[in-house]
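Once you know that position 104 of the sequence shown is 104 in this note's numbering, the rest is easy, because the numbers rise by one and skip nothing. Beta carbons are placed, not taken as given, at the ideal position from N, Cα and C, and that holds for glycine. Computed from a prediction, not measured in an experiment: that's the story for all the values here. Data first, discussion second: the structure below is written as structure tokens.
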Amino acid sequence: MSILTGASGRAVLRRLFLRSRFTGATHALHEVVVAQAREASLFRRYAVPDTLDGRFEFLILHVLLVMRRLRTAGAAGNDASQQLFDLVFADLDRALREAGVGDLGVGSRIRRMAEAFYGRARALDDALLPQAGDDALAAMLSRNVYGTAPVPEATAGGLAAYVRRQSLHLDSLEDGRILEGRFAFDGGADA
1 MSILTGASGR AVLRRLFLRS RFTGATHALH EVVVAQAREA SLFRRYAVPD TLDGRFEFLI
61 LHVLLVMRRL RTAGAAGNDA SQQLFDLVFA DLDRALREAG VGDLGVGSRI RRMAEAFYGR
121 ARALDDALLP QAGDDALAAM LSRNVYGTAP VPEATAGGLA AYVRRQSLHL DSLEDGRILE
181 GRFAFDGGAD A
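Here's what the structure looks like:
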């Protein structure tokens with residue numbers, strides 16, 4: 001029996017196809033973002049629900065922070081931002097299919113995820129405006145990251161401080177490091 005037959009063979013082919021569509025830099029960006037978004041200590045520290053929804057929200061939050069920074073790096077940054085978006089959603093599509101969601105279900109779920117993504121992008125951009133203040137950012141995070149889960153105001157404020165710190169850190173990095181995915185998020189003293 002060939003290694004490329006059966007369910008595991010199809011998974012290998014999907015991964016190879018997925019890898020071939022994107023540059024090494026795009027994969028490096030994706031890996032940095034996913035590693036940070038899956039950091040268990042952040043879920044505990046900021047009381048982000050460790051559920052499918054909580055993981056999705058935390059992933060999207062970190063993707064948006066990186067994409068905001070990429071957009072400041074000119075045409076190359078805009079291209080890298082689009083590539084990162086495409087890879088994130090290709091990976092979400094793959095994960096849904098591997099979880100057994102049928103073709104018709106995958107399309108509608110991805111569409112809802114994309115709508116949520118664009119809504120979060122607008123909300124984060126607005127909340128990170130200098131005139132918006134920390135309360136606006138904490139309120140946006142409470143609505144989006146925590147959803148209906150009750151969260152103490154201090155916890156949402158802590159997550160807001162984390163997000164602001166990450167945004168400033170990403171802004172401080174050279175364009176080349178961001179574009180090539182050669183960076184880490186800021187650990188900070190209280191990260």
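What are the boundary residues of the alpha helix (DSSP H) that residue i is part of?
i, result
"residue 98", "74-98"
"residue 158", "153-172"
"residue 52", "52-70"
"residue 180", "175-180"
"residue 133", "133-144"
"residue 24", "24-37"
"residue 42", "40-45"
Would you mind stating whether residue i and residue j have Cβ atoms separated by less than 8 angstroms?
i, j, result
"residue 178", "residue 117", "no"
"residue 37", "residue 62", "yes"
"residue 34", "residue 170", "no"
"residue 47", "residue 163", "no"
"residue 43", "residue 53", "no"
"residue 113", "residue 92", "yes"
"residue 78", "residue 68", "no"
"residue 173", "residue 183", "yes"
Less than 7 angstroms between C-beta atoms, sequence neighbours within five positions excluded: which residues of the same chain meet that for residue i?
i, result
"residue 160", "134, 137, 138 and 141"
"residue 145", "48, 57, 58, 61 and 159"
Who are the Cβ neighbours of residue i in its own chain at under 6 angstroms, not counting the five residues just before and after it?
i, result
"residue 29", "84 and 181"
"residue 127", "136, 137 and 140"
"residue 191", "Below a pLDDT of 50, predicted positions are generally treated as unreliable, and residue 191, at 47, falls in that range; the measurement from the model is reported next regardless. The answer is none, since no qualifying residue turns up."
Using 10 angstroms around the beta-carbon of residue i, count the other beta-carbons present and answer buried if the total reaches 16, otherwise exposed.
i, result
"residue 120", "buried"
"residue 82", "exposed"
"residue 57", "buried"
"residue 26", "buried"
"residue 108", "exposed"
"residue 131", "exposed"
"residue 87", "buried"
"residue 167", "buried"
"residue 154", "exposed"
With a threshold of 7 angstroms (Cβ to nearest heavy atom), would residue i be considered close to the ligand HEM?
i, result
"residue 112", "The ligand HEM is not part of this structure, which contains no ligands at all."
Excluding five sequence neighbours on each side, which residues of the same chain lie with their C-beta closer than 8 angstroms to the C-beta of residue i?
i, result
"residue 76", "175 and 179"
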